[in-house]
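Going line by line, the protein sequences match chains C and L. For reference, each letter of the first sequence is one residue, going 66 to 603 in this note's numbering. For reference, each letter of the second sequence is one residue, going 11 to 239 in this note's numbering. All C-beta atoms, glycine included, are put in the ideal place defined by N, C-alpha and C. A short write-up of the structure that comes next.
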Amino acid sequence: MRPNIVWPLAVVLTKSQLRGRQRSKRLAKLFGNPRIIFIADILILGILGTVGYYVTSNFPHDFMTAAGRVVLEALIGIPTITTFMIILFGILSELSQPIQSTSADLVNWLPIAPSDYVLGSTLSLSYTYSFLLAFFLGLTLGPAIFLGYGPVLVASALMGVLSLFVGSSVVELIRSVTNRISSSFYRKSGRSGIFARLALTIIVLVIFQLIFSGRVIASVLGRLTQTVAEVWYVPVMWPSLTVESLNAPTTFTPVGYGILSLGFMLIIFGLAVGMRKAYWVPVPVAIKLSAQPYHASIGMLRIPGANVAESAIIQKDLRSLTRRREMARFLAIPFVLAVSLWVSLYPYGSSSQGFGLNDIIPLYLIPIAIFCEVLSMTSIGQEGSAIWNLYIAPLNASNVVNAKMYLTNILGSIFTCGLLLAISLLSKRGAGEILSLLLMGLLVVIEESALGVYVAGRFPDFRETVRSRYVSLSGSLLGPLLALVVATVTAAPILFSDYVPAILPPVLFEILIGILLFVLLWKLAIRQVAHLLTEIQV
Amino acid sequence: MQGGEVLGLLGPNGSGKSTLMKTIVGIIKPDTGNIRVLGTDVATDPTTIKRMIGYVPESPRLYEFLSGVEYLDFVADIHGLPKGERQERIVEFLRALDLEGRENELIHGYSQGMKQKLAIIAALLHHPRVLILDEPLNALDPRSARIVKDLLHKFRDNGIPTVFSTHVLEIADAMCDRIIIMDGGHIIAEGTTQELRKKAGTAGSTLEEIFLKLTGTSDTKDLVEALGR
Chain C
66 MRPNIVWPLA VVLTKSQLRG RQRSKRLAKL FGNPRIIFIA DILILGILGT VGYYVTSNFP
126 HDFMTAAGRV VLEALIGIPT ITTFMIILFG ILSELSQPIQ STSADLVNWL PIAPSDYVLG
186 STLSLSYTYS FLLAFFLGLT LGPAIFLGYG PVLVASALMG VLSLFVGSSV VELIRSVTNR
246 ISSSFYRKSG RSGIFARLAL TIIVLVIFQL IFSGRVIASV LGRLTQTVAE VWYVPVMWPS
306 LTVESLNAPT TFTPVGYGIL SLGFMLIIFG LAVGMRKAYW VPVPVAIKLS AQPYHASIGM
366 LRIPGANVAE SAIIQKDLRS LTRRREMARF LAIPFVLAVS LWVSLYPYGS SSQGFGLNDI
426 IPLYLIPIAI FCEVLSMTSI GQEGSAIWNL YIAPLNASNV VNAKMYLTNI LGSIFTCGLL
486 LAISLLSKRG AGEILSLLLM GLLVVIEESA LGVYVAGRFP DFRETVRSRY VSLSGSLLGP
546 LLALVVATVT AAPILFSDYV PAILPPVLFE ILIGILLFVL LWKLAIRQVA HLLTEIQV
Chain L
11 MQGGEVLGLL GPNGSGKSTL MKTIVGIIKP DTGNIRVLGT DVATDPTTIK RMIGYVPESP
71 RLYEFLSGVE YLDFVADIHG LPKGERQERI VEFLRALDLE GRENELIHGY SQGMKQKLAI
131 IAALLHHPRV LILDEPLNAL DPRSARIVKD LLHKFRDNGI PTVFSTHVLE IADAMCDRII
191 IMDGGHIIAE GTTQELRKKA GTAGSTLEEI FLKLTGTSDT KDLVEALGR
């Protein structure tokens with residue numbers, strides 16, 4: 066490993082990561098300089114530390130004695146949590162990159178050894194995500210200084226840096242594997258491999274996002290620090306055990322655990338280098354979907370309710386959706402949202418008896434509305450620079466709008482039925498209520514699909530970058546907000562039926578509102594897309 | 011343009027050739043003026059124009075996650091090409107441009123030349139009545155380039171007008187009935203090679219010499235000297 070190669074490479078990779086995330090030129094200029102991370106780290110540490118010290122020093126003495134244990138546990142937990150967090154951020158970032166951007170391919174034609182690249186990339190990742198460590202240390206800095214835990218704080222910071230490097234090495238390992246092994250796998254397994262990858266990606270995203278939700282982290286942190294010594298055989302815990310053994314008599318001394326931690330870090334780094342070496346030379350990605358010669362099959366392509374041109378767009382979108390790994394995060398949204406909402410808000414056990422229809426409606430409609438809105442409002446931007454294919458095709462605006470809505474309607478309806486099935490099993494609602502919820506859900510699906518296409522046409526973002534949003538910042542903020550408004554208006558006749566004198570039965574009133582809203586949004590979407598199609602954006 | 015005429019657009023990078031072509035296709039609005047293709051105004055009826063035009067952009071971006079035939083099926087569906095005709099044309103084009111056997115692979119794994127071939131097939135699949143080709147021979151192997159050039163001759167014989175841009179001046183010289191030289195968004199010269207020679211005042215010169223003279227980039231000797239040191 067040559068420092069004169071590693072250092073410039075780390076700087077370039079850091080700049081690429083920072084600038085790849087910025088959508089506006091002004092932000093790219095501001096956040097494109099790696100020094101900004103160092104400044105941010107210092108600010109986070111300084112502000113959180115100062116506030117923490119001030120707050121702690123004003124607490125009653127008795128309270129602080131009890132809180133001392135919590136602060137100590139937090140300091141012990143910092144290295145482990147840091148490792149997990151950087152792996153989570155790394156996985157999310159990797160999954161959301163377009164498959165075309167395999168960073169090592171950009172430099173492996175230069176005289177750079179795989180080990181140089183891995184070290185450069187690991188340093189870059191560690192530095193980019195150092196704000197995580199700064200945040201955790203900042204939270205504990207004030208109380209730790211006030212309570213006289215200086216040596217533990219220093220040990221926690223040192224082990225935190227080491228853990229940052231371990232996490233980055235793991236991410237680098239994942240990068241090598243996903244960039245190269247996966248392509249070999251798909252070449253062999255074709256369509257089934259593509260679906261398996263999509264399903265696995267969604268499962269990983271859902272699990273990781275649930276695991277790292279605030280509530281779960283809090284409980285893990287508490288349990289982790291109570292049982293940390295019992296898991297001495299788990300290498301990722303060694304940095305935390307190094308910090309803990311400063312104060313507690315354990316089998317190993319802090320030096321022993323420190324050496325083990327360093328050894329673990331070197332092993333993970335060595336594995337990452339080995340994997341990168343194995344896949345350093347690009348394998349041409351040629352995924353063959355079928356061995357059969359071409360046979361035109363126009364009859365099979367016709368989708369009910371859509372003409373041939375619309376069917377073609379729907380088929381194309383469906384294929385892209387299942388074959389692009391960066392789309393997995395959008396498909397994971399409803400599952401994460403539904404599970405998070407139900408875990409957080411649904412009262413389990415005997416208290417669920419008093420949980421009425423009006424309590425269920427928000428938990429049911431929010432995931433549906435957000436899912437359909439997100440799917441639909443990203444449907445135009447995700448065409449990327451290939452959007453010219455639609456611009457030059459003899460299509461009118463309603464063809465594009467109908468096709469884009471169709472896929473959201475299908476996926477949204479499937480999700481609605483699945484969610485309803487889960488609700489009926491979980492809360493044992495009557496058939497009437499289930500039917501009412503089904504109707505409400507389907508109305509929201511079609512409304513949101515039309516609203517989404519309007520937002521997609523009004524605020525498209527065709528740039529293919531890391532974590533592409535496919536819709537501008539304004540659109541991504543406005544879209545979900547409008548989606549919630551539309552869902553609320555649709556559900557209003559049922560939600561407020563007890564308070565407002567009904568001219569019509571609530572269900573009929575709801576259908577009327579739903580259809581009116583849909584027609585209005587559909588017409589708006591057509592007008593917007595017609596405008597979009599007259600001026601190419603890429 | 012006359013039926014069967016091949017019009018070449020030449021000009022330095024950034025001179026406005028691609029923008030002009032996009033404007034003709036109807037995907038960029040002209041600042042002023044109107045464009046009529048086969049008697050139809052591009053601004054008032056772009057869908058009809060797009061049905062009649064075959065367009066290859068400068069750097070075609072295709073749907074990387076479709077296979078070659080899935081993409082061609084998509085284009086054929088959009089143009090409403092019947093099943094029998096689609097089968098025949100797609101198979102013939104794939105064979106002619108050496109894509110047979112690779113048609114079921116994802117476009118993502120295609121080389122630049124293969125993508126270019128696919129874009130050319132997509133532009134020609136629906137029997138276009140006008141061709142707008144922005145550097146169509148880019149990245150093509152000699153055999154495929156020859157086939158595309160022969161095809162363009164065939165289209166000319168069939169009375170299909172073609173606008174195409176290229177930086178290979180020999181190709182423009184050999185293929186175009188009329189040449190337009192653009193610079194800075196303006197037409198600076200127009201005519202047959204003979205007429206351009208007269209305008210440049212360079213009798214007996216090659217098209218390259220005429221081009222360099224008219225675009226004011228002929229004085230390159232000193233630069234080359236300096237760079238070659």
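Below-7 Å beta-carbon distance, residue i vs any chain L residue
i, result
"W453(C)", "yes"
"S385(C)", "yes"
"R388(C)", "yes"
"E237(C)", "no"
"K353(C)", "yes"
"K381(C)", "yes"
"A521(C)", "no"
"A377(C)", "yes"
Classification of residue i by the beta-carbon crowding that lies within 10 angstroms, buried from 16 upward
i, result
"Q126(L)", "buried"
"Y564(C)", "exposed"
"L206(C)", "buried"
"T202(L)", "exposed"
"Q204(L)", "exposed"
"T130(C)", "exposed"
"Q12(L)", "exposed"
"C482(C)", "exposed"
"Y81(L)", "buried"
"A132(L)", "buried"
"A515(C)", "buried"
Partners in chain C for residue i, counting only beta-carbon separations shorter than 7 Å
i, result
"I45(L)", "Within chain C, no residue comes near I45(L); the closest Cβ sits about 13 Å away, beyond 7 Å."
"V101(L)", "Y359"
"F165(L)", "Residues of chain C passing the Cβ test: none, with the nearest at roughly 18 Å."
"L128(L)", "Per Cβ cutoff of 7 Å: no residues; L128(L) is ~11 Å from chain C at best."
Within chain C, the residues that residue i reaches when beta carbons sit closer than 8 Å
i, result
"I131(L)", "Those within 8 Å of I131(L) in chain C number zero; the least Cβ separation is about 12 Å."
"K32(L)", "I601"
"F75(L)", "R384, S385, R388, R389"
Beta-carbon neighbours of residue i, restricted to chain L and to distances below 9 Å
i, result
"L460(C)", "T57, K60, I88"
"V466(C)", "The premise fails here: V466(C) is roughly 14 Å from chain L at the closest Cβ pair, so nothing lies under 9 Å."
Opening and closing residue of the alpha helix (DSSP H) in which residue i lies
i, result
"E113(L)", "Unbroken run through E113(L): none, as it is neither H nor E."
"H163(L)", "152 to 167"
"D232(L)", "231 to 237"
"G323(C)", "319 to 343"
"M192(L)", "Looking at the DSSP string, M192(L) is not in any alpha helix (DSSP H); the run it does join, the beta strand (DSSP E), is 188 to 193."
"I578(C)", "571 to 597"
Host beta strand (DSSP E) of residue i (start-end)
i, result
"S175(L)", "172 to 175"
"I142(L)", "140 to 144"
"V231(C)", "No beta strand (DSSP E) contains V231(C), which is instead part of the alpha helix (DSSP H) from 215 to 241."
"G18(L)", "16 to 20"
Proximity test, Cβ basis, 7 Å: residue i and chain C
i, result
"N114(L)", "yes"
"S37(L)", "Going by the sequence as given, residue 37(L) is Ile instead of Ser. So yes, I37(L) belongs to the interface."
"V79(L)", "yes"
"F84(L)", "yes"
"K27(L)", "no"
"Q97(L)", "yes"
"K231(L)", "no"
"L141(L)", "no"
"R105(L)", "no"
Reduced DSSP category for residue i - H, G, I as helix; E, B as strand; rest coil
i, result
"G279(C)", "In this prediction, G279(C) has a pLDDT of 48, which is less than 50 and means its spatial position is unreliable; what the coordinates show is noted afterwards. The answer is helix: DSSP assigns G279(C) an H, G or I state."
"I100(L)", "helix"
"V120(C)", "helix"
"I45(L)", "coil"
"E200(L)", "strand"
"T225(L)", "coil"
"V66(L)", "strand"
"D526(C)", "coil"
Residues that residue i contacts on chain L, provided the C-beta gap is smaller than 7 Å
i, result
"V373(C)", "D87, G90"
"I457(C)", "V35, I37, K60, Y65"
Per-residue contacts from residue i into chain C (C-beta, under 9 Å)
i, result
"L134(L)", "Near L134(L) there are no residues of chain C at all, since even the closest Cβ is about 13 Å away, more than 9 Å."
"L72(L)", "A451, N454"
Check: residue i C-beta below 6 Å from any heavy atom of the ligand ATP
i, result
"L485(C)", "For the structure depicted, the ligand ATP is absent and the ligand set is empty, with no information on it obtainable."
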